[in-house]
Structure formats: C-alpha cells, structure tokens
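Engineer:
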Amino acid sequence: MSFTRDDVKKAVGDGLLSFPVTDFDAEGRFDADSYRERLKWFISHEISAVFVAGGTGEFFNLSMDEFREVVRLAVKTVDGKLPVIASAGLSVASGSAFAKIAEEEGADGILLMPPYLTECPQHGLFEYARQICDSTSISVIYYNRGNGIMKPETVQKLADACPNLIGLKDGKGDLQALNRIIRTVGNRLTYVGGVPTAEIMAEAYLAMGVNTYSSAVFNFVPDMAVTFYKALRSGDSDTVRRISREFFLPFVDLRDNKSGYAVSLIKAGTALVGRPSGGVRAPLEMPSDAEVEQLKQLVERAKTF
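Quick note: the sequence shown uses numbering that gives the first Met the number 0, first residue 0, plus one each step.
#1: Could you have a look at Pro-221 and say whether DSSP puts it in helix, strand or coil?
#2: Contact between the segment 124-133 and the segment 147-162 is defined here as three or more beta-carbon pairs at a separation below 8 angstroms; is this criterion met?
#3: Buried or exposed, going by whether 16 or more other CB atoms sit within 10 Å of the CB of Thr-303?
#4: In three-state DSSP terms, what is Val-51?
#5: In whole angstroms, what is the alpha-carbon distance linking Phe-2 and Val-220?
#6: Are there three or more Cβ pairs, one per stretch, closer than 8 angstroms when the segment 136-144 is compared with the segment 28-40?
#7: For the structure I just gave you, are there three or more beta carbon pairs, one from the segment 59-74 and one from the segment 100-114, closer than 8 angstroms?
#8: Is there contact between the segment 79-87 and the segment 46-66, where contact requires at least three CB pairs shorter than 8 angstroms?
#9: One question on the structure: do Ser-276 and Thr-269 come within less than 8 angstroms of each other, judged by their Cβ atoms?
#10: What separation, rounded to the nearest whole angstrom, lies between the Cα atoms of Val-83 and Ile-199?
#11: If we count Cβ pairs, one from each stretch, closer than 8 angstroms, do we get three or more for the segment 140-150 versus the segment 170-188?
#12: Quick one: give me the first and last residue of the beta strand (DSSP E) that Thr-211 is part of.
#13: List the endpoints of the continuous beta strand (DSSP E) containing Ser-86.
#14: By DSSP, does Asn-163 sit in helix, in strand, or in coil?
#15: In three-state DSSP terms, what is Thr-183?
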C-alpha cells in the first residue's frame, strides 16, 4: 500500500479512472507479459487510479491464484505512481479472502462487488459489506449495483461503522436514488459514476457533484477518453456532446446487441488498436466479424476528436 485513505479518496474522486481488461493468451490463460505492457501504457496517460480485476477485467472469471497474480503485477508495474484498486466480493468468506490477497500484494484499496446471485435485505447487505470492510485495513469503495443496492440509510450506517469505507460507485444510474444517498451521507464518501459506458451519463453525474466515472473505452481509445473527460471538467459542452453523439451513443447501440458486450467489445477494441488482450471467458462471448467492423469504424472516428 502506497497511499493513505485520504489519498485514495482524493484520487478516486477527481480524475479519470481506468479499468484495464485482463489479458489472456490463446489458451485462455492469464498473460502476464501482455498485461504488464498494458498497464505501462495506461499509466503513461492522464489518469488518477487503476482498478484491476474489475468488471471489465473479468473479476468474476478469475481464480484466487490468478487474482493474486494480477494484483501483484499491477502493484509492481504501477510502482506507487497511482493508487491500485482491486475487486472483492461474491460472499463474506470469498470477499474477505480477495481483500486479504489485495492487501498482502500491496493494493491501496478494494472495489466491493455485490454478493453473488441472491436477493438481499438491507441489514444483510450492511452485514455483508461491514464484515468484508472489517477484514482489511485498506480503503473500500462499495459498488452499489445489481442485487446489492443499498438505501441511503444503509450507506450511512455502513459509513459510520467502517472508517475504511471511502467511496461509493453507482452502478444503477438512478440519479434520484444517488442524489438521496449524497444528501444523506455527504462528503463522508466520494462518489463515482459506474454504469456501463458511464460517459453517457457524465454530464448528469457532474451536475450532482460526481466528478468522475469508470472509463472502459480507455482500454482502446485512451486519447479520446482523456479529451472527453477534460472537456467535461472544463465545461466544453460542445465537445462533450459531439463525442457522445458520434462515438458513445453508437457504441452503446452496439454494446446492447448482446449481454456481456460491455466487456467483450472492449477486448475486441484492444485488438483493433494493436494491443490485443485475448478473448473473454465463458459465459461471455466475443462479437461477430460484422460487429467488429462496426467497432472499427468507431475507433477511426475516435481519432478525429
């Protein structure tokens, strides 16, 4: 761990956040060499934190041994330049185990994913998150999405109980619900936009005081992603809306062709820019040739911004 809780909170709350894919070789094994080069490329750009083995990084498809290798390599490669955040979750036991690995390997925090599959009452969600927070001393960002949606009073209760909880990532896109959380909890936490292709909601997030978001497309069009973020923060609405209209909205249309394409298209994009990351693991599947051709056109368009 290289960064304090306050350091992590500041970095996560103000700057472009990157979520690298996890590289696999032709046999579907973790490709450490390719991943190392990807991370070096990432940190050569203007970003404020690296979230490894996240949703885009197929956390749900990694073994604990692979997870450890990913985190270890990321911490070594980033080398204290930026906070490294790894994922944890699924159950209290596995979430605590992932958190322990992340801390042992030097990560600065964890992104706490929702529990696996089951529907959850609010007190159950609180206990799930509290117990995992208590299992580690590093910073925790709760991912408020799917079957793990917390109400404002639950988030407040968790923030009161867990001093290492420093943030909340919104994965629902319900701005009224997020605004209620922000009004209830205030600046005790930092807030991150986290819906798939979060750029499409970036202006709305910013209007609520949510200054940053997760950028998956940074994996293959990083210069455009940085241009978009700078335009957003400087109030250049013309550039924001042009990129949204000409890149992000068509990308979302393509993404919505099939479940899981929020990850699969990103991996296809890495190959199109000469930085291939291999395929996805089941149950995800890669896009068709026709879909890749559509994506290629968007990549070319991204060069014009």
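Cβ atoms here follow ideal geometry from the backbone N, Cα and C, with glycine treated the same way.
Structural biologist: Walking through what the data contain:
#1: Residue state, collapsed to three classes: helix.
#2: Contact between the segment 124-133 and the segment 147-162 is present, because at least three Cβ pairs lie under 8 angstroms.
#3: When all chains shown are included, Thr-303 counts as exposed.
#4: In the structure shown, Val-51 sits in a strand (DSSP, three-state: E or B).
#5: Between Phe-2 and Val-220, the C-alpha separation is close to 28 angstroms.
#6: Segments in contact, no.
#7: Contact between the segment 59-74 and the segment 100-114 is present, because at least three Cβ pairs lie under 8 angstroms.
#8: Because the criterion of three Cβ pairs below 8 angstroms is met, the segment 79-87 and the segment 46-66 touch.
#9: In contact: Ser-276 and Thr-269 (Cβ atoms closer than 8 angstroms).
#10: Cα-Cα distance, rounded: 25 angstroms.
#11: For the pair of segments examined, the segment 140-150 was found to touch the segment 170-188: the number of CB pairs separated by less than 8 angstroms reaches three.
#12: 211-214 is the extent of the beta strand (DSSP E) around Thr-211.
#13: Here the beta strand (DSSP E) through Ser-86 covers 83-89.
#14: In the structure shown, Asn-163 adopts coil according to DSSP, grouped into three states.
#15: In the three-state scheme derived from DSSP, where H, G and I count as helix and E and B as strand, Thr-183 is classed as helix.
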